[in-house]
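Input: a single structure, listed below in structure tokens.
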Amino acid sequence: MYDLEKKFKLLLNISPSLIFINGKSCCGKSTLSKKFAEHGYRVIETDEIIRKLARKFRMKAKDAFGFNVYRNQGNRKMINMFIREVRYHIHKNCNKKLVIEGGLSDSTLINNVFRDINYTFIFLNPVSTERYYKRIYKRFIADVENKSRLMPIWGKDIWELIDKHGYKSKEVKQFIKKKAKEYKETSDKKLEYLRKDEFNLFIINV
Numbered sequence: 042m043y044d045l046e047k048k049f050k051l052l053l054n055i056s057p058s059l060i061f062i063n064g065k066s067c068c069g070k071s072t073l074s075k076k077f078a079e080h081g082y083r084v085i086e087t088d089e090i091i092r093k094l095a096r097k098f099r100m101k102a103k104d105a106f107g108f109n110v111y112r113n114q115g116n117r118k119m120i121n122m123f124i125r126e127v128r129y130h131i132h133k134n135c136n137k138k139l140v141i142e143g144g145l146s147d148s149t150l151i152n153n154v155f156r157d158i159n160y161t162f163i164f165l166n167p168v169s170t171e172r173y174y175k176r177i178y179k180r181f182i183a184d185v186e187n188k189s190r191l192m193p194i195w196g197k198d199i200w201e202l203i204d205k206h207g208y209k210s211k212e213v214k215q216f217i218k219k220k221a222k223e224y225k226e227t228s229d230k231k232l233e234y235l236r237k238d239e240f241n242l243f244i245i246n247v
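Take the sequence shown: its position 18, counted from the start at 1, is 59 in this note's numbering, and no numbers get skipped.
Okay, structure coming up:
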């Protein structure tokens, strides 16, 4: 059912020069990227590119993500700069093994980023809501305790629960379980969407 290690070994044997790792938040994109990095791959996180663009546009990072660049919506200038920046890194590292990690969710955007480029498209697929909840909850606790800049992904509603009940309370856990169910449903729809658009996906169940 869960085949991360098996398929990771298979990918190492295939040794693709360019890998795109995609999936919803907390699916393990960063974890998988680090595993590839241990085997000589350079990793480019598209979230970092968004933050860089946010500074260029003198915006807060959370506002930049709010423009829905990954959905190919909002500020066209920012979207076009995002595409150029990712492609720049790809061409700059054309003689090296490279991983692009990010949650891009629009087919046109993905095609524009990888236009005329040969790459392996990995999609991390959460197959169990309960397992996914444990991943998300672990990430949530780490974000709270480390005061992470990624906290905005949880939304403003979570703060009322934390203030009233504490961040490890059953009320917060119930909120995260609801979030996990929503993320799982969104991930299923995203996978169906990518398949419909005939991407050649290398699916890893997590």
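Every residue gets a Cβ at the ideal spot worked out from N, C-alpha and C, and that includes glycine.
Beta-carbon contacts of residue 144 that lie in its chain and below 6 Å, excluding the five residues immediately before and after: In the sequence shown, counting from the first residue as 1, residue 144 sits at position 103. Cβ neighbours of residue 144 beyond the five flanking positions: 111.
According to DSSP, residues forming a beta bridge with residue 246: In the sequence shown, the residue the question calls residue 246 occupies position 205. Answer is 166, bridged to residue 246.
Burial state of residue 135, where buried means 16 or more other Cβ atoms lie within 10 Å: Taking the sequence shown and counting its residues from 1, one reaches residue 135 at position 94. With fewer than 16 Cβ atoms within 10 Å of its Cβ, residue 135 is classed as exposed.
Exposed unless 16 or more other CB atoms sit within 10 angstroms - verdict on residue 196: The residue given as residue 196 occupies position 155 in the sequence shown. By the neighbour-count rule (16 or more Cβ atoms within 10 Å), residue 196 is not buried but exposed.
Runs of alpha helix (DSSP H) wholly within the stretch 90-130 (minimum 4 residues, chain order): Runs of the alpha helix (DSSP H) lying entirely within the stretch 90-130 and spanning at least 4 residues, in chain order: 102-107.
Where the alpha helix (DSSP H) containing residue 63 begins and where it ends: Working through the sequence shown from its first residue, we reach residue 63 at position 22. Where residue 63 is concerned, there is no enclosing alpha helix (DSSP H), although the beta strand (DSSP E) it sits in stretches over 59-63.
Stretch-stretch touch, CB-based, cutoff 8 Å, three pairs: the stretch 153-168 with the stretch 59-73: Touching, yes.
Close beta carbons around residue 213, own chain, < 6 Å, minus the five adjacent residues each side: If you number the sequence shown from 1, residue 213 lands on position 172. These residues qualify, in order along the chain: 202.
8 Å contact criterion, which residue 170 and residue 230 should meet: CB distance rounded: Position 129 of the sequence shown, counted from the start, is the residue given in the question as residue 170. Position 189 of the sequence shown, counted from the start, is the residue given in the question as residue 230. Residue 170 to residue 230, Cβ: 14 Å. No contact.
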